[in-house]
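S.K.: Please find one structure pasted underneath; my questions will follow.
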Amino acid sequence: MSRATAHAHPNIALVKYWGKRDLALNLPAVPSLSLTLARFETETTVTWGTTEDRFLFNGEAADPTTAAKIAQFLSLVDPARPPCNVDTANNFPSAAGLASSSSGFAALALAAVAASGQEWSKEQLSVLARRGSGSACRSLWGGFVEWKLGKRADGADSCGTPIAPSHWDVRMVVGVVSSKKKPTPSSAGMESTRLTSPYFPAWVETAAADVELGRKAVLDRDLAALGEVMESSTLKMHATMWTGRPTLNYWLPGTLGCLDAVQALRKAGIGAWATMDAGPNVKVLCLPEDSERVAIALAPWVERTDILAPGGDATVEQH
Ligand code: PMV
6 MSRATAHAHP NIALVKYWGK RDLALNLPAV PSLSLTLARF ETETTVTWGT TEDRFLFNGE
66 AADPTTAAKI AQFLSLVDPA RPPCNVDTAN NFPSAAGLAS SSSGFAALAL AAVAASGQEW
126 SKEQLSVLAR RGSGSACRSL WGGFVEWKLG KRADGADSCG TPIAPSHWDV RMVVGVVSSK
186 KKPTPSSAGM ESTRLTSPYF PAWVETAAAD VELGRKAVLD RDLAALGEVM ESSTLKMHAT
246 MWTGRPTLNY WLPGTLGCLD AVQALRKAGI GAWATMDAGP NVKVLCLPED SERVAIALAP
306 WVERTDILAP GGDATVEQH
């Protein structure tokens, strides 16, 4: 029996991932770029070689769907694996408006491989994390991370790459418009969008240029350029969702309220730009000195706000 504990932070996409070119392997139709966030994290302990599979999620037995997903994921580490225990918990509320699957599968990949006694490169771990949840491949690293499209059919080159080793001290202000569970999970939403939206080809065609712009903006520390491409990528992604059949809309009235508030801030000279994922919550990119003002501007539209700084790499220890 051997045991390892990993810690990973969630990430928010600045240039978005939406649509898969391979469903089984979770290979993306588009490249993407993200920011890993500090303070919020998943802690996962894997015990390799127990008497039966037992999976705890935030202290309680995982529901059957989650348990099946974890069991399958562990078998990717070793198809002949022994029974394992997994104990995973988030130090942030699942209602925080952040995709906990990104930190969840990054931490599970790290802890499972270490507990199994194997040594994998970070790229291999990122490829593994991607199989659990696409965005998880970006959470192996801190700061700004690109997810390369890759060329190989087996997906071995579609993984995260850190692009800015030293952090640029920006803030992401997370505004929770609604803490209810989203009605359509991202994988199902992506596939119906890919198959039915007439805008999907344009989304795919323009994604690489957006990542280029985003990467350059990060390296130049140009917040306005990064904010503009982030908002544009976000709105293009949601336009593909709305124009699928059936239509897919994750926004609520409060989402638009937040977007108006962000535009008003910009008119008042504050550098603030918004992004939304597969849900109604709004995340605003800004400088540290403007973050309180952004949180106050979002307050009429949201249940809560969190001001988050860039976070570090995922880590693991064997014990
Ligand atoms: O990793 P998934 O399958 O939960 O998909 C994430 C999709 C978005 O959050 C909407 C965008 C992104 O790049 O993270």
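Numbering (the working numbering), first residue to last: 6 to 324. C-beta: ideal position from N, C-alpha, C; glycine also.
Considering only the alpha carbon of each residue, which of Leu154, Cys89, Arg176, Asp174 lies closest to Thr166?
M.R.: Indexing the sequence shown from 1 puts residue 166 at position 161. The residue with the shortest Cα to Cα distance from Thr166 is Leu154.
S.K.: Considering only heavy atoms of ligand 1, list every residue whose Cβ is less than 6 Å from one of them, following chain order.
M.R.: The set, ordered by position in the chain, is Ala18, Lys21, Tyr22, Trp23, Ser37, Ala104, Ser106, Ser138, Gly139, Ser140, Ser191, Ser192, Asp282, Ala283.
S.K.: What is the residue span of the alpha helix (DSSP H) that Phe205 lies within?
M.R.: Numbered from its first residue, the sequence shown carries residue 205 at position 200. Unbroken alpha helix (DSSP H) run through Phe205: 205 to 225.
S.K.: Please return the same chain residues whose Cβ sits closer than 8 Å to the Cβ of Met281, not counting the five positions on each side in sequence.
M.R.: Translated into positions along the sequence shown, residue 281 becomes position 276. Thr239, His243, Tyr255, Trp256, Thr260, Val287, Lys288.
S.K.: Note down the Cα distance separating Gly232 from Ala9, rounded to an integer number of angstroms.
M.R.: Your numbering for residue 232 matches position 227 in the sequence shown. Your numbering for residue 9 matches position 4 in the sequence shown. About 38 Å.
S.K.: Of the residues Gly284, Trp278, Glu308, which one's Cα is nearest the Cα of Ser296?
M.R.: Mapped onto the sequence shown, residue 296 falls at position 291. Minimum Cα distance to Ser296 is reached at Trp278.
S.K.: Determine, using beta-carbon pairs with one atom in the region 304 to 311 and one in the region 178 to 190, whether at least three such pairs fall under 8 Å.
M.R.: These segments touch.
S.K.: As a quick exercise: from Phe205, Tyr22, Trp125, pick the residue whose alpha carbon is nearest that of Ala283.
M.R.: Position 278 of the sequence shown, counted from the start, is the residue given in the question as residue 283. The residue with the shortest Cα to Cα distance from Ala283 is Tyr22.
S.K.: Tell me the rounded alpha-carbon separation between Thr211 and Asp27.
M.R.: On the sequence shown, residue 211 is found 206 positions in, with the first residue counted as 1. On the sequence shown, residue 27 is found 22 positions in, with the first residue counted as 1. Thr211 and Asp27: Cα-Cα distance of roughly 20 Å.
S.K.: Below 8 Å, is the gap between the Cβ of Val321 and the nearest heavy atom of ligand 2?
M.R.: Among the ligands in the structure shown, ligand 2 does not appear; only ligand 1 can be found there.
S.K.: Since Val118 and Ser163 should fall inside the 8 Å C-beta cutoff, what is the C-beta to C-beta distance between them, to a whole number of angstroms?
M.R.: One-based indexing of the sequence shown puts residue 118 at position 113. One-based indexing of the sequence shown puts residue 163 at position 158. Incorrect: roughly 18 Å between the Cβ atoms, too far for contact.
S.K.: Would you mind listing the beta strand (DSSP E) stretches within the region 134 to 173 that are 3+ residues and don't spill past its ends, in chain order?
M.R.: For the region 134 to 173, whole beta strand (DSSP E) runs of length 3 or above, ordered along the chain, are 149 to 152, 165 to 169.
S.K.: With distances taken Cα to Cα, identify the nearest neighbour of Thr248 among Ala230, Arg199, Arg143.
M.R.: Indexing the sequence shown from 1 puts residue 248 at position 243. Residue Arg199 is the option with its Cα nearest to Thr248.
S.K.: Per DSSP, what kind of secondary structure is Ile75 in: helix, strand or coil?
M.R.: As a first step, residue 75 is located in the sequence shown; it is residue number 70 there, counting from the start. Reduced to three states, the DSSP call for Ile75 is helix.
S.K.: Please classify Ser171 as buried or exposed, where buried requires at least 16 neighbouring CB atoms within 10 angstroms.
M.R.: Sequence index remark: in the sequence shown, residue 171 carries index 166 (1-based). Ser171 comes out exposed.
S.K.: Could you have a look at Gln129 and say whether DSSP puts it in helix, strand or coil?
M.R.: Working through the sequence shown from its first residue, we reach residue 129 at position 124. Looking at Gln129 - three-state DSSP - the assignment turns out to be helix.
S.K.: Whose CA, out of Lys127, Ala141, Lys74, Ala43, lies closest to the CA of Pro33?
M.R.: For the purposes of this step, residue 33 is taken as residue 28 along the sequence shown, with counting starting at 1. For Pro33, the nearest C-alpha among the options comes from Ala141.
S.K.: Just to check my reading of the structure: Phe97 and Phe45 have Cβ atoms closer than 8 Å, yes? What is that Cβ distance to the nearest angstrom?
M.R.: Your numbering for residue 97 matches position 92 in the sequence shown. Your numbering for residue 45 matches position 40 in the sequence shown. Correct: roughly 4 Å between the Cβ atoms.
S.K.: So for Gln268, helix, strand or coil by DSSP?
M.R.: Here the question's residue 268 lines up with position 263 in the sequence shown. Residue state, collapsed to three classes: helix.
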